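Residue numbers (the numbering used here): 1 to 143.
Think of the CB as a built atom: it goes at the ideal place given N, C-alpha and C, for glycine as much as any other residue.
Since the structure is predicted, the reported quantities are computational estimates derived from the model, not experimental observations.
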């Protein structure tokens, strides 16, 4: 005896159109939300105290509360770190000194790293991060 069924399911093919649409939407989403900034490294060293006299010339660069820059030895104040040039650091003998960056207590780390990256881009070879400072060192007239 042959069994007959009332319902015989037909094989249905799975459509890949919907899957391809989802894949392209995800691809587009990740492409648009990805950050394409160029990442780079900044060599960071911290200042250290030694008992021996320093043979190199050292220039102290202060970063104020609003991002203004003060070259401490030259008593020169610059409104933005991007305006700092290589000639600001050169001495009479045309030798580049070591630049020690000191930041005000509330300056974010990203600002300090931006200043150090700018110094590296303009050609300063040796930079170092020092301690933070308060109003007494920067002076009230720098704003």
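Q | Residues near residue 11 in its chain [Cβ-Cβ closer than 6 Å; skip 5 each side] | A | Walking along the chain shown from the start, residue 11 turns up at place 11. Contacts found: none.
Q: Run the CB neighbour count on residue 95, radius 10 Å, all protein chains shown included, and call it buried at 16 or more, exposed below.
A: Here residue 95 is taken as the residue at index 95 of the chain shown, counted from 1. That one is exposed.
(Q) Measuring only the C-alpha atoms, how far is residue 74 from residue 39? (A) The residue you call residue 74 lines up with position 74 of the chain shown. The residue you call residue 39 lines up with position 39 of the chain shown. Whole-angstrom Cα-Cα distance: 33 Å.
Q | Contained alpha helix (DSSP H) runs [length at least 4] in the region 92-135, N- to C-terminal order | A | 109-122
Q) Out of 112, 29, 105 and 64, which has the shortest C-alpha to C-alpha gap to residue 79? A) Residue mapping note: residue 79 aligns to position 79 of the chain shown, counting from 1. That would be 64, whose Cα lies nearest to the Cα of residue 79.
(Q) In the DSSP assignment, the alpha helix (DSSP H) including residue 23 goes from what residue to what residue? (A) Taking the chain shown and counting its residues from 1, the one referred to as residue 23 is at position 23. Its alpha helix (DSSP H) spans residues 17-33.
(Q) Are the CB atoms of residue 71 and residue 122 within a distance shorter than 8 Å? (A) The residue labelled residue 122 in the question sits at position 122 within the chain shown. The residue labelled residue 71 in the question sits at position 71 within the chain shown. No, these two residues do not count as a Cβ contact at 8 Å.
Q) Considering only residues of the same chain and omitting the five flanking positions on each side of residue 114, which have a CB-CB separation below 8 Å? A) Along the chain shown, read from residue 1 onward, the residue named residue 114 stands at position 114. If we look at residue 114 and ignore the five residues flanking it on each side, its Cβ neighbours are 81.
Q) By DSSP, does residue 82 sit in helix, in strand, or in coil? A) Translated into positions along the chain shown, residue 82 becomes position 82. Three-state DSSP puts residue 82 in a helix.
Q. Skipping 5 residues on each side, what residues in its chain have a beta carbon closer than 6 Å to that of residue 132?
A. As a first step, residue 132 is located in the chain shown; it is residue number 132 there, counting from the start. Same-chain partners within the cutoff: 103 and 105.
Q: Can you tell me the Cβ-Cβ gap for residue 126 and residue 107, rounded? I've got them flagged as a contact below 8 Å.
A: Along the chain shown, one-based indexing puts residue 126 at 126. Along the chain shown, one-based indexing puts residue 107 at 107. Contact flag wrong, Cβ pair sits at about 21 Å.
Q.
Assuming residue 63 is part of the beta strand (DSSP E), what are its boundary residues?
A. Walking along the chain shown from the start, residue 63 turns up at place 63. Looking at the DSSP string, the run of the beta strand (DSSP E) that includes residue 63 is 58-63.
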